[in-house]
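Using the working numbering, you'd call the opening residue of the sequence shown number 4 and step up by one each time.
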Amino acid sequence: MTLPVNPVGNSPQKPGVRADVFVPDQLIAGGLQIVSQPIILASGKLPRGAVLGMITSSTAVATASGTNTGNGTIGAVTVGAGAKLGNYQLTATAATTFKVVDPEGTALANAAVGTAYTQGGLGFTITAGATAFAAGDTFVIDVNDAVGQFVLSVKGATDGSQVPSAILADYSDATSGPVNAGAYVQVEVNGRALYYDPSWTLPALTAALRQYAIHVKSSVSAADPT
């Protein structure tokens, strides 16, 4: 039997000296026992320390077809009892009238342009634009159920996420859809290390988070006071 010969040269390792410095992000700012939990981040690309709110109600978004003749719009859509998850189809039958069909294919009462619509658990108003609608113009209202998921807390939100209740523990990217993440639900944090929506001020967040056992602390300089 012939054995292969594998030449081995001198060790490639060379003597040397290096120094590594660990620089903490200083998000954690106290000795309070930390409590964390897994969450689902619904959307956004957020850094560690982002202030989150939990969605407590279904949301809906209206989208106009790109081939519409009319340039009218649908503003905010409210979701109430009886709304079904999925796409509601709105199709113009005349310049001021739209047929409404729910996600299961059931026809609802027609919607009139310029008049508030409240049927099938939805509330919205179709607003006319400079160019009138034509028969065949369409909108889709997508009702999605993100209840229990978290997003960056915005003070003016109306889906429940306007109540800040958690701190994102690590960078997470949910731009392509909901992802699993971790969040602190009891912790002391450094206010300077938080990432939050501009609709909030740090004093307002400090007060809002306190009731959820998240205590925001101001940083203290380590510089020589002299």
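All C-beta atoms, glycine included, are put in the ideal place defined by N, C-alpha and C.
For residue i, the three-state DSSP class (helix, strand or coil)
{"i": "L44", "result": "strand"}
{"i": "L2", "result": "Nothing in the structure corresponds to residue 2, since the chain is present only between 4 and 229."}
{"i": "L212", "result": "helix"}
{"i": "L88", "result": "coil"}
{"i": "P206", "result": "helix"}
{"i": "V166", "result": "coil"}
{"i": "F127", "result": "strand"}
{"i": "L111", "result": "strand"}
{"i": "K220", "result": "strand"}
{"i": "S39", "result": "strand"}
{"i": "A135", "result": "coil"}
{"i": "V192", "result": "strand"}
{"i": "V30", "result": "Note on identity: in this sequence residue 30 is Leu, with Val being the wrong assignment. Three-state DSSP puts L30 in coil, outside helix and strand."}
{"i": "V54", "result": "strand"}
Straight-line Cα distance separating residue j from residue i
{"i": "Q152", "j": "S168", "result": "12 Å"}
{"i": "K87", "j": "V103", "result": "13 Å"}
{"i": "N193", "j": "A84", "result": "41 Å"}
{"i": "V150", "j": "F136", "result": "35 Å"}
{"i": "T134", "j": "D148", "result": "34 Å"}
{"i": "G163", "j": "A114", "result": "28 Å"}
{"i": "A53", "j": "Q29", "result": "14 Å"}
{"i": "T81", "j": "Y120", "result": "10 Å"}
{"i": "A172", "j": "S221", "result": "19 Å"}
{"i": "W203", "j": "A97", "result": "44 Å"}
{"i": "A67", "j": "P181", "result": "24 Å"}
{"i": "G139", "j": "S61", "result": "28 Å"}
{"i": "A196", "j": "D23", "result": "23 Å"}
{"i": "T209", "j": "G89", "result": "37 Å"}
Any non-hydrogen atom of the ligand NAP closer than 8 Å to residue i Cβ
{"i": "S175", "result": "Only the bare structure without any ligand can be found here, which leaves the ligand NAP out of the picture."}
Test item: CB-CB of residue i and residue j under 9 Å
{"i": "L49", "j": "Y198", "result": "yes"}
{"i": "I31", "j": "I37", "result": "yes"}
{"i": "V64", "j": "I144", "result": "yes"}
{"i": "P41", "j": "G185", "result": "yes"}
{"i": "Y91", "j": "G123", "result": "yes"}
{"i": "A95", "j": "G69", "result": "no"}
Pair every Cβ in the stretch 57-67 with every Cβ in the stretch 173-192, then say whether three or more of these pairs are closer than 8 Å. no
Three or more C-beta pairs below 8 Å linking the stretch 209-219 and the stretch 156-170: yes
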